[in-house]
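**Q** Those protein sequences? They're chains P and G, same order as listed.
As numbered in the working numbering, residues 1 to 309 make up the first sequence, in order.
As numbered in the working numbering, residues 1 to 316 make up the second sequence, in order.
Virtual Cβ for every residue (Gly too), placed ideally from N, Cα, C.
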Amino acid sequence: MTQLGLQRTPARRIQVPRPTRPRGDGRVALFFIAPVLLGFAIFYLYPTIRGFWWSFTDYSLLADPEFVGIDNYVAVLGDSEFWNSMWVTLCYVVLNVGSQTLIALLLAALMHRLTRSVVLRTTLLLPWLVPNVTVGLVWLWLLDTNLGFVNRTLDTMGLDKIGFFTNPMLAIPTISFINTWAFVGYTALLFYAGMLQIPQDTYEAAAIDGAGELRTFFRITLPLLKPILALVLVVSLIGSFQIFDTVAVTTKGGPVNASRVIYYYIYQQAFTYFHMGYAATMAILLVLILGVLTFIQLRLLRASESQLA
Amino acid sequence: MTTTALPPVAVEQPPAPRVRRRRAGTRVSLGRILGWTVLVIALVGTLFPFYWMVKSALTPAADIVSDAGNLWPTNPTAVNFARVLGLLSPEETRAAGGSGASINFALYIWNSVVYCALIGFFQTLFCAMGGYAFARLRFWGRNGLFGILIAALMVPGIFTLLPNFVLVRDLGLLNTVWGMVAPSLLMTPFALFFLRQFFLNIPRDVEEAAMLDGAGKIRIFWRVVLPMAQGPLITIALITVVWAWKDYLWPLLIGRDESVRTVTVALGVYLQQSPNTQPDWTGLMAASTLSVVPVALLLIFLGRRIVESLNFTGIK
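#1: Who does P:D58 pair with in a DSSP beta bridge?
#2: May I ask you to list, following chain order, the residues of the segment 291-305 of chain G that have a beta carbon less than 9 Å from some beta carbon of chain P?
#3: Does any C-beta atom of chain P lie closer than 8 Å to the C-beta of G:G31?
#4: What is the DSSP secondary structure of G:V260, reduced to helix, strand or coil?
#5: Quick one: is P:A171 buried, meaning 16 or more other Cβ sit within 10 Å of its Cβ, or exposed?
#6: With a Cβ-Cβ cutoff of 8 Å, do P:V249 and G:L249 count as a contact?
#7: Is it right to say G:D280 is buried, meaning 16 or more other beta carbons lie within 10 angstroms of its own, or is it exposed?
#8: Which whole-angstrom value is the C-beta distance of G:L171 and G:F122, which I expect to be below 8 Å?
#9: Is G:W140 helix, strand or coil when you go by DSSP?
#10: When DSSP labels each residue in this structure, what does P:F271 get in the three-state scheme?
#11: Does the beta carbon of P:I243 sit closer than 8 Å to a beta carbon anywhere in chain G?
#12: In three-state DSSP terms, what is G:A101?
#13: Looking at G:Y115 and G:V181, is the spacing between their C-beta atoms short of 8 Å?
#14: Given a limit of 9 Å on CB to CB distance, which residues of the segment 249-267 of chain P reach chain G?
#15: Report back the beta-carbon spacing between G:G120 and P:V36 to the nearest angstrom; my notes put them in contact at under 8 Å.
#16: What's the call for G:P90, buried or exposed, on a 16-neighbour Cβ count within 10 Å?
#17: For the alpha helix (DSSP H) that contains G:Q317, what are its first and last residues?
#18: Can you list, in chain order, the residues of its chain with a C-beta nearer than 8 Å to that of G:V224? Leave out the 5 residues immediately preceding and following it.
#19: Can you list, in chain order, the residues of its chain with a C-beta nearer than 7 Å to that of P:T294? Leave out the 5 residues immediately preceding and following it.
#20: From the beta carbon of P:L154, is the nearest beta carbon of chain G less than 8 Å away?
#21: Kindly indicate which residue of G:K55, G:L267 and G:F194 has the alpha-carbon position closest to the one of G:N104.
#22: Please report the distance separating the alpha-carbon of G:N276 from that of G:L161.
#23: Can you check whether the C-beta of P:R113 is within less than 8 Å of a C-beta belonging to chain G?
#24: Against G:L137, what residues of chain P qualify as contacts under a CB-to-CB distance less than 8 Å, listed in chain order?
#25: What does the alpha-carbon distance come out to for the pair G:A296 and P:L129?
#26: Return the CA-CA distance between G:F301 and P:V76, expressed in angstroms with no decimal places.
#27: Check for me: the alpha helix (DSSP H) holding P:T101 runs from which residue to which?
#28: Counting only beta-carbon separations shorter than 8 Å, does G:N164 have a partner in chain P?
#29: Indicate whether the contact test is met: 3 or more Cβ pairs, each with one atom in the segment 152-168 of chain P and one in the segment 71-83 of chain G, closer than 8 Å.
#30: Between P:S176 and the ligand MG, is the CB less than 7 Å from at least one heavy atom?
#31: Closest by CA to G:T289, which one among G:I33, G:L58 and G:I41?
#32: Please list, in chain order, all residues of the same chain as G:L43 whose beta carbon is under 7 Å from its beta carbon, the five residues on each side excluded.
#33: G:A237 by DSSP, collapsed to three states: which one?
#34: Rounded to a whole number of angstroms, what is the C-alpha to C-alpha distance between P:L231 and P:G194?
#35: Taking only the alpha-carbon atoms, compute the straight-line gap between P:P227 and G:A95 and give it to the nearest angstrom.
#36: Using a C-beta cutoff of 8 Å, does P:Y273 count as contacting chain G?
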């Protein structure tokens, strides 16, 4: 066997360059990509087609889907609850992504100018590693109206207690704040990594020219960080639109739907009322909206790419 | 002579820079103090909720009102951990402030560990194989196929979630480990993309040398490529495991049953079972602490690796 093998290899070596090239590594490649292809076909492609089909049907999970044309789309677009949940989600996204990005930029810039401490960075990352359910629970307790630390502190300072989760005006800002707390460290580290890629000599040149810290930040750091800023914004925006866990744990969409975000509404329609077709339709509209947003943001990203030469 | 002459020179030199440094120091010191203040506030703001969680977990349920404003529990106890881990009898649990319903976080943590380990291991392995094929092997339709697979990155989870739930239900896999891990076991577009990117960037020399020695593609992959890719493989496995640990919606739909319930689902159920007017905060915080411990350990032992992995997973 070994002798045969030894004899065969030289022959093959000569064959390999020309005749087998066009055929490529077909059979071996199939072995390598089979699991990935299978996973994609069963759990990404098939459900996408199926979900698309459901959006044209009346499907209650119990009986088979029944074709209804574009009824679902008409119904969703005329559903004030749908628009309310889109509005709520948008408010959440703006508050969350806005505050998260600004604070993260500040923290990243400070770390970049002051310290390389791994301990600091690791600590800032901790909330990101914790399940959102846990984060929601801990803040539900900290912000509890009667016994929560924050309201107890307000009380001892002689201030009125605040119903962070029970006041309809405050529910979404509170949830935005909680998730900003959870993700700001992660975002800051992404910005920090981007800042490390900016050549040190640009800063030295700025220092020689007598530019102050603020001026350096706005004239050097920010413009050179633009591509990463855009990328992180795209990722945060898409992620932020998909908020579910924190709402599910803290308010369950309440009070009176004040925090019923789109994911939660789709979840309710699908698994509380068993309106699968209706839920699939809303999911498709969400895909479209996210697609348009991503496209716009990537366009902005490409426009600013040339800044880092 | 020269050696003895050196020290005085060395002593004489410092004053000049020292003066300069001090002047520069005083000029920015206010900004520096302000900057460090912000960082310290961020640090305290990050850690305080965790501190409060642990503190509340160590507070006896009877003291929850009297200790609500204290920074340290008056009578610290481990009884809340004991009862959420299912170590106490129902009577003892009720005496310690629980509802008496069966709560067994030891089991839920084990379920979560199994869930994360299966997903972390198989997804990394299969995506490494796929990523290698898409980076190195030549076959018909390679780039088009890869483009299609990566397009799945753009599809939000909720869209595939509904049909996947129905599929798992129809296959009779509700409340089984395999039903829970199925959609993430074989691939995620992110892991595939990340590993292909890595394989594109490593030099071909070693593989070519192995090929000249007569090794087949599969052998090269196992013996040469995988060992070389250890770092990125561990990184992607870590990220996958962390995400699996945080998963909530999917395990909530598929694994409500106690035998497969993960930590996050169990926390949600625990909160629901607890009376709305007066939730069992001490028990809930003990359970929350247990859900943080594994990731905190991960961060302590692999913190540098995780932090540095962000530099390239997040950006490239």
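**A** For this structure:
#1: Translated into the one-based positions of the first sequence, residue 58 of chain P becomes position 58. When beta bridges are read from the DSSP output, P:D58 appears opposite P:E66.
#2: Under the 9 Å Cβ criterion, the segment 291-305 of chain G contributes S291, V292, V295, A296, L298, L299, I300, G303 and R304.
#3: The residue given as residue 31 of chain G occupies position 31 in the second sequence. Closer than 8 Å: yes.
#4: Along the second sequence, one-based indexing puts residue 260 of chain G at 260. Looking at G:V260 - three-state DSSP - the assignment turns out to be coil, as it is neither helix nor strand.
#5: Counted from its first residue, the first sequence places residue 171 of chain P at position 171. Classification of P:A171: buried, given that the 10 Å Cβ count is 16 or more.
#6: Here residue 249 of chain P refers to the residue found at position 249 of the first sequence. Here residue 249 of chain G refers to the residue found at position 249 of the second sequence. No, they are not a contact pair.
#7: Here residue 280 of chain G refers to the residue found at position 280 when the second sequence is read from its first residue. Flag for G:D280 reads buried.
#8: Locating residue 171 of chain G in the second sequence gives position 171, counting from the first residue. Locating residue 122 of chain G in the second sequence gives position 122, counting from the first residue. Rounded, the Cβ-Cβ distance is 18 Å, inconsistent with contact.
#9: As a first step, residue 140 of chain G is located in the second sequence; it is residue number 140 there, counting from the start. Coil.
#10: As a working mapping, residue 271 of chain P is identified with position 271 in the first sequence. Residue state, collapsed to three classes: helix.
#11: Start at 1 with the first residue of the first sequence, and residue 243 of chain P comes out as number 243. No, because no Cβ of chain G sits closer than 8 Å to the Cβ of P:I243.
#12: Along the second sequence, one-based indexing puts residue 101 of chain G at 101. Coil, per DSSP.
#13: Residue mapping note: residue 181 of chain G aligns to position 181 of the second sequence, counting from 1. Residue mapping note: residue 115 of chain G aligns to position 115 of the second sequence, counting from 1. Taking 8 Å as the Cβ cut-off, G:V181 and G:Y115 qualify as a contacting pair.
#14: The residues in question are V249, I262, Y263, I266 and Y267.
#15: Residue numbering aside, residue 120 of chain G sits at position 120 when the second sequence is read from its first letter. Residue numbering aside, residue 36 of chain P sits at position 36 when the first sequence is read from its first letter. Separation of the CB atoms of G:G120 and P:V36 is rounded to 16 Å, and the pair is thereby denied contact status at 8 Å.
#16: Looking up residue 90 of chain G in the second sequence gives position 90. By the neighbour-count rule (16 or more Cβ atoms within 10 Å), G:P90 is not buried but exposed.
#17: Here chain G comprises residues numbered 1 to 316, so residue 317 of chain G is not present and cannot be evaluated.
#18: For the purposes of this step, residue 224 of chain G is taken as residue 224 along the second sequence, with counting starting at 1. Spatial neighbours of G:V224 in its own chain (CB-CB distance under 8 Å, excluding positions within 5 residues in sequence) are listed in chain order as V206, E207, A210 and A215.
#19: Walking along the first sequence from the start, residue 294 of chain P turns up at place 294. Counting only Cβ-Cβ distances below 7 Å, and skipping sequence neighbours, we find V234 and I238.
#20: Within the first sequence, the letter at position 154 stands for residue 154 of chain P. Residue-level contact check: P:L154 does not touch chain G, since none of the beta carbons of chain G fall below 8 Å from its beta carbon.
#21: Position 104 of the second sequence, counting from 1, holds the residue named residue 104 of chain G. Checked all of G:K55, G:L267 and G:F194; the closest Cα to G:N104 is G:L267.
#22: Taking the second sequence and counting its residues from 1, the one referred to as residue 276 of chain G is at position 276. Taking the second sequence and counting its residues from 1, the one referred to as residue 161 of chain G is at position 161. Cα-Cα distance, rounded: 30 Å.
#23: Within the first sequence, residue 113 of chain P is the residue found at index 113, counting from 1. With 8 Å as the cut-off, P:R113 counts as an interface residue toward chain G.
#24: Position 137 of the second sequence holds residue 137 of chain G. When 8 Å is used as the limit between beta carbons, G:L137 is near these residues of chain P: G24, D25, V28, A29 and F32, in chain order.
#25: As a working mapping, residue 296 of chain G is identified with position 296 in the second sequence. As a working mapping, residue 129 of chain P is identified with position 129 in the first sequence. The C-alpha of P:L129 is placed about 8 Å away from the C-alpha of G:A296.
#26: For the purposes of this step, residue 301 of chain G is taken as the residue at position 301 of the second sequence. For the purposes of this step, residue 76 of chain P is taken as the residue at position 76 of the first sequence. Per the coordinates, the alpha-carbon of G:F301 lies some 49 Å from the alpha-carbon of P:V76.
#27: Residue numbering aside, residue 101 of chain P sits at position 101 when the first sequence is read from its first letter. Its alpha helix (DSSP H) spans residues S80 to L114.
#28: The count along the second sequence starts at 1 and reaches residue 164 of chain G at position 164. For G:N164, at least one C-beta of chain P is nearer than 8 Å to its own C-beta.
#29: Because the criterion of three Cβ pairs below 8 Å is not met, the segment 152-168 of chain P and the segment 71-83 of chain G do not touch.
#30: The model on display carries no ligand, and the ligand MG is accordingly not part of it.
#31: Locating residue 289 of chain G in the second sequence gives position 289, where the first residue counts as 1. Checking every option, the nearest Cα to that of G:T289 belongs to G:L58.
#32: Residue 43 of chain G sits at position 43 when you count from the first residue of the second sequence. Result list for G:L43: empty, nothing under 7 Å.
#33: Residue 237 of chain G sits at position 237 when you count from the first residue of the second sequence. Here G:A237 sits in helix by DSSP.
#34: Taking the first residue of the first sequence as 1, we reach residue 231 of chain P at position 231. Taking the first residue of the first sequence as 1, we reach residue 194 of chain P at position 194. Near 11 Å, if we compare the C-alpha coordinates of P:G194 and P:L231.
#35: What you label residue 227 of chain P is simply residue 227 of the first sequence in a count that begins at 1. What you label residue 95 of chain G is simply residue 95 of the second sequence in a count that begins at 1. Computed Cα separation, rounded: 58 Å.
#36: Here residue 273 of chain P refers to the residue found at position 273 when the first sequence is read from its first residue. Answer no: the Cβ-Cβ gap between P:Y273 and chain G never drops below 8 Å.
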